[in-house]
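**Student:**
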Amino acid sequence: MRIQEIFTENYYKVYDLTSDYVGELILSIFNQMDIIKILEVQYCSEVNIIEKLDLHEQSALPLRWMLMFLCNKNYLSYEEKEGKHYFKLNKPIKLRNPEEIADRILAIDEMIIYSNRLLKNIRDEYPSFLLGKKTGIEILFSNEKAKLWRDYFSNNHKGYAVHNYFGACVMFKSFPLEGDIKILEVGSGTGSGTVALLNCLKKENLLLRVQEYILSDISPIFLRESNRLIMKEIADFDRILLRKIDFNRSIEEQKIAPESIDIVYGVNALHVANDLIFTLKEIKNVLRKNGKLVISECIRNNEIGTPQPEFIFNLLDSYRNVKTDPTLRKTVGFLTPHNWRILLEEVGFNDIEIILNTDFDRGTRYLPIGAVIKGQKD
Numbered sequence: 586m587r588i589q590e591i592f593t594e595n596y597y598k599v600y601d602l603t604s605d606y607v608g609e610l611i612l613s614i615f616n617q618m619d620i621i622k623i624l625e626v627q628y629c630s631e632v633n634i635i636e637k638l639d640l641h642e643q644s645a646l647p648l649r650w651m652l653m654f655l656c657n658k659n660y661l662s663y664e665e666k667e668g669k670h671y672f673k674l675n676k677p678i679k680l681r682n683p684e685e686i687a688d689r690i691l692a693i694d695e696m697i698i699y700s701n702r703l704l705k706n707i708r709d710e711y712p713s714f715l716l717g718k719k720t721g722i723e724i725l726f727s728n729e730k731a732k733l734w735r736d737y738f739s740n741n742h743k744g745y746a747v748h749n750y751f752g753a754c755v756m757f758k759s760f761p762l763e764g765d766i767k768i769l770e771v772g773s774g775t776g777s778g779t780v781a782l783l784n785c786l787k788k789e790n791l792l793l794r795v796q797e798y799i800l801s802d803i804s805p806i807f808l809r810e811s812n813r814l815i816m817k818e819i820a821d822f823d824r825i826l827l828r829k830i831d832f833n834r835s836i837e838e839q840k841i842a843p844e845s846i847d848i849v850y851g852v853n854a855l856h857v858a859n860d861l862i863f864t865l866k867e868i869k870n871v872l873r874k875n876g877k878l879v880i881s882e883c884i885r886n887n888e889i890g891t892p893q894p895e896f897i898f899n900l901l902d903s904y905r906n907v908k909t910d911p912t913l914r915k916t917v918g919f920l921t922p923h924n925w926r927i928l929l930e931e932v933g934f935n936d937i938e939i940i941l942n943t944d945f946d947r948g949t950r951y952l953p954i955g956a957v958i959k960g961q962k963d
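Numbered per the working numbering, the sequence shown spans residues 586 to 963.
1) Runs of 3 residues minimum, wholly inside the region 762 to 847: which ones carry the beta strand (DSSP E) assignment?
2) Does E882 pass the burial test, meaning 16 or more other C-beta atoms within 10 Å, or should it be called exposed?
3) For the beta strand (DSSP E) containing K874, list its first residue and its last residue.
4) Mapping DSSP to helix, strand and coil, what is Q617?
5) Cα separation between E642 and H923?
6) My output table needs one value for E888: the three-state DSSP class, helix, strand or coil.
7) Could you check the C-alpha separation between V771 and I830 for me, to the nearest Å?
8) In chain order, what residues of the same chain lie with their CB nearer than 6 angstroms to the CB of Q589, ignoring the 5 residues before and after it?
9) What residue does the beta strand (DSSP E) around L733 start on, and which one ends it?
10) With DSSP as the reference, identify every bridge partner of E941, one or two as the case may be.
11) Give the single residue among K874, Y711 and A854 whose Cα lies nearest to the Cα of G752.
12) Decide if Q796 is buried, meaning its Cβ has at least 16 other Cβ atoms within 10 Å, or exposed.
13) Does H748 come out as helix, strand or coil in the three-state DSSP assignment?
14) Taking C-beta to C-beta, are W650 and E888 nearer than 8 angstroms?
15) Terminal residues of the continuous alpha helix (DSSP H) containing Y628?
16) With a threshold of 16 other CB atoms inside 10 Å of the CB of I954, please say whether the residue is buried or exposed.
17) Could you check which residue in Q839, L769 and L901 has the C-alpha nearest to that of I846?
18) Whose C-beta lies closer than 6 angstroms to the C-beta of N870 among residues of the same chain, with five residues either side of it excluded?
19) Thinking C-beta only, is N706 closer than 8 angstroms to T891?
20) Please look up how many angstroms separate the CB atoms of S773 and L800, rounded, as I've assumed it's under 8 angstroms.
21) Could you tell me how far apart the beta carbons of Y699 and S739 are, in whole angstroms, since I believe they sit closer than 8 angstroms?
22) So what does DSSP say about N935, is it helix, strand or coil?
23) Would you tell me roughly how many angstroms separate the C-alpha atoms of E664 and Y628, rounded to the nearest one?
24) Please list, in chain order, all residues of the same chain as R681 whose beta carbon is under 7 angstroms from its beta carbon, the five residues on each side excluded.
25) Pick out whichever of V849, E837 and R735 has its Cα sitting closest to the Cα of L814.
26) What are the boundary residues of the beta strand (DSSP E) that includes E685?
27) With burial defined as no fewer than 16 other Cβ atoms inside 10 Å of the residue's Cβ, what is the status of Q617: buried or exposed?
28) Whole angstroms are fine: how far does the CA of D963 sit from the CA of L659?
29) Once you ignore the five residues that flank C785 on each side, which residues in its own chain have a CB closer than 6 angstroms to its CB?
30) Can you tell me where the beta strand (DSSP E) with F672 in it begins and where it stops?
31) Rounded C-beta distance between L782 and Y850? I'm assuming under 8 angstroms.
32) Return the CA-CA distance between L827 and L808, expressed in angstroms with no decimal places.
33) Per DSSP, what are the beta-bridge partners of S700 in this structure?
34) State yes or no: is the C-beta of L1033 within less than 8 angstroms of the C-beta of L913?
35) Please name the residue, chosen from R885, I766 and E685, that lies closest to R794 on a Cα-to-Cα basis.
36) Tell me which same chain residues have a C-beta within less than 7 angstroms of the C-beta of E867, skipping the five on either side of it?
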């Protein structure tokens with residue numbers, strides 16, 4: 586698959602409409618919880634709103650994100666004072682039915698229903714989260730949500746699968762010209778990124794050169810799901826080793842030998858590392874000489890950017906509770922391309938390359954949405 590076939594015109598139309606859909610879901614939450622009434626009167630920070638409505642402390646970052654999302658959609662304006670943002674409505678809000686936008690999305694691509702279902706379900710749970718009645722884990726990983734979660738990350742859902750295929754397309758081009766390859770995938774999740782990559786390698790006649798594919802995640806449940814999916818989709822590939830690995834800890838202590846891996850790969854995983862500098866150093870340590878890191882990541886365009894998938898992921902403690910730095914990593918969650926570059930430079934990677942979805946004959950009217958980040962160990 587060519588990269589131009591991944592980020593299609595229809596994909597961008599759906600992305601823009603989904604952004605509108607998320608905006609209307611946020612407005613419906615704010616209307617239900619009387620946050621709109623507060624913003625009509627005066628400039629308020631998320632702290633002011635939390636105090637006025639007696640919201641739970643876990644609501645601080647997701648609430649600030651939603652306020653900034655509405656700023657980026659021109660519903661709100663903000664002022665910055667002493668490093669804090671204060672928000673106010675630009676004009677009276679005319680609420681729309683979010684499901685009318687959802688229907689327009691499905692008219693373009695019916696498989697986006699996987700995204701719409703999860704977003705709507707989360708919208709219904711958000712007030713309970715903001716009030717501290719439920720945690721993100723309870724909302725996203727309860728038994729009745731498990732299928733919604735799997736469907737969202739499926740390669741059938743093009744809204745997410747673009748990151749899997751983008752990573753796979755760049756990854757096979759990063760293979761050494763000869764010799765057997767040992768790959769470590771970090772944060773494999775439900776396995777859709779793995780399947781996209783292995784299918785790509787098979788198509789390019791490179792799968793036979795994969796001596797060992799270490800599939801790793803912190804969750805044994807995800808590892809089992811990934812393995813089932815791979816066995817179903819690529820039954821003839823038997824060189825996979827399942828490993829529970831927490832990349833917030835020493836990878837060597839988790840029985841991956843130093844300088845034993847040719848390529849470390851991941852899709853939308855490393856941004857949740859608690860200490861990204863530490864994790865990147867651990868990855869560099871297990872790479873062989875001239876070994877490569879190749880990761881596909883959703884990105885934000887600047888420090889106040891609000892990529893729409895964060896409406897979902899902001900619910901999770903692991904997404905929010907990461908170490909930030911005024912120079913190396915200014916935000917939690919997704920990073921800017923600039924921050925990825927300086928992080929890899931800080932750790933000592935060379936031949937760093939940041940490949941954006943907009944690098945492929947799309948002109949300037951589209952914003953970067955995803956990136957494949959590459960670095961090499963000398």
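Virtual Cβ for every residue (Gly too), placed ideally from N, Cα, C. Since we're looking at a predicted model, the values are computed, not measured.
**Tutor:** From the atom records:
1) 766 to 770, 795 to 802 and 825 to 829
2) Start at 1 with the first residue of the sequence shown, and residue 882 comes out as number 297. It counts as buried.
3) One-based indexing of the sequence shown puts residue 874 at position 289. Here the beta strand (DSSP E) through K874 covers L872 to C883.
4) Counting from 1 along the sequence shown, the entry for residue 617 is found at position 32. Of the three classes helix, strand and coil, the one that applies to Q617 here is helix, per DSSP.
5) Position 57 of the sequence shown holds residue 642. Position 338 of the sequence shown holds residue 923. Each residue's Cα considered, the two are about 31 angstroms apart.
6) Walking along the sequence shown from the start, residue 888 turns up at place 303. DSSP places E888 in coil when its eight states are reduced to three.
7) Along the sequence shown, read from residue 1 onward, the residue named residue 771 stands at position 186. Along the sequence shown, read from residue 1 onward, the residue named residue 830 stands at position 245. Straight-line Cα distance between these residues: approximately 8 angstroms.
8) As a first step, residue 589 must be located in the sequence shown, where it is residue number 4. F945, listed in sequence order.
9) Counting from 1 along the sequence shown, the entry for residue 733 is found at position 148. Element bounds for L733: not the beta strand (DSSP E) but the alpha helix (DSSP H), A731 to Y737.
10) Position 356 of the sequence shown, counted from the start, is the residue given in the question as residue 941. The residue asked about is misnamed: residue 941 is Leu in this sequence, not Glu. In DSSP, L941 forms a bridge with A956.
11) Looking up residue 752 in the sequence shown gives position 167. Residue A854 is the option with its Cα nearest to G752.
12) Counting from 1 along the sequence shown, the entry for residue 796 is found at position 211. It counts as exposed.
13) Against the sequence shown, residue 748 aligns to sequence position 163. Reduced to three states, the DSSP call for H748 is helix.
14) Position 65 of the sequence shown, counting from 1, holds the residue named residue 650. Position 303 of the sequence shown, counting from 1, holds the residue named residue 888. No, they are not a contact pair.
15) Against the sequence shown, residue 628 aligns to sequence position 43. Neither: Y628 is in no alpha helix (DSSP H) and is coded neither H nor E.
16) If you number the sequence shown from 1, residue 954 lands on position 369. I954 is buried by the Cβ-count criterion.
17) Counted from its first residue, the sequence shown places residue 846 at position 261. Of Q839, L769 and L901, the residue nearest in Cα terms is L769.
18) Here residue 870 corresponds to residue number 285 of the sequence shown, with the count starting at 1. Counting only Cβ-Cβ distances below 6 angstroms, and skipping sequence neighbours, we find P843.
19) On the sequence shown, residue 891 is found 306 positions in, with the first residue counted as 1. On the sequence shown, residue 706 is found 121 positions in, with the first residue counted as 1. Taking 8 angstroms as the Cβ cut-off, T891 and N706 do not qualify as a contacting pair.
20) Here residue 773 is taken as the residue at index 188 of the sequence shown, counted from 1. Here residue 800 is taken as the residue at index 215 of the sequence shown, counted from 1. Yes, they are in contact, since the Cβ atoms of S773 and L800 sit about 5 angstroms apart, within 8 angstroms.
21) Locating residue 699 in the sequence shown gives position 114, counting from the first residue. Locating residue 739 in the sequence shown gives position 154, counting from the first residue. Right, their Cβ atoms sit about 6 angstroms apart.
22) Within the sequence shown, the letter at position 350 stands for residue 935. Here N935 sits in strand by DSSP.
23) As a first step, residue 664 is located in the sequence shown; it is residue number 79 there, counting from the start. As a first step, residue 628 is located in the sequence shown; it is residue number 43 there, counting from the start. C-alpha separation (whole angstroms): 8 angstroms.
24) Against the sequence shown, residue 681 aligns to sequence position 96. These residues qualify, in order along the chain: E609.
25) Here the question's residue 814 lines up with position 229 in the sequence shown. If we check each option's Cα against that of L814, R735 comes out closest.
26) Here the question's residue 685 lines up with position 100 in the sequence shown. Where E685 is concerned, there is no enclosing beta strand (DSSP E), although the alpha helix (DSSP H) it sits in stretches over P683 to I693.
27) Against the sequence shown, residue 617 aligns to sequence position 32. Q617 comes out exposed.
28) For the purposes of this step, residue 659 is identified with residue 74 of the sequence shown, where counting begins at 1. For the purposes of this step, residue 963 is identified with residue 378 of the sequence shown, where counting begins at 1. As written in the sequence, residue 659 is Asn, which differs from the Leu given in the question. So the alpha carbons of these two residues sit roughly 46 angstroms apart.
29) The sequence position of residue 785 within the sequence shown is 200, counting from 1. Taken in chain order, the residues that qualify are A753 and F757.
30) For the purposes of this step, residue 672 is identified with residue 87 of the sequence shown, where counting begins at 1. Note, F672: beta strand (DSSP E), K669 to L674.
31) Within the sequence shown, the letter at position 197 stands for residue 782. Within the sequence shown, the letter at position 265 stands for residue 850. Right, the Cβ-Cβ distance comes to about 7 angstroms (below 8 angstroms), so this counts as a contact.
32) Indexing the sequence shown from 1 puts residue 827 at position 242. Indexing the sequence shown from 1 puts residue 808 at position 223. So the alpha carbons of these two residues sit roughly 7 angstroms apart.
33) By one-based count along the sequence shown, residue 700 stands at place 115. DSSP output for S700 lists no bridge partner at all.
34) Within the shown structure, residues of the chain are numbered from 586 to 963, placing residue 1033 beyond reach of any answer.
35) The count along the sequence shown starts at 1 and reaches residue 794 at position 209. Among R885, I766 and E685, the Cα nearest to that of R794 belongs to I766.
36) Taking the sequence shown and counting its residues from 1, the one referred to as residue 867 is at position 282. Excluding positions up to five away in sequence, the list reads F832, S835 and I836.
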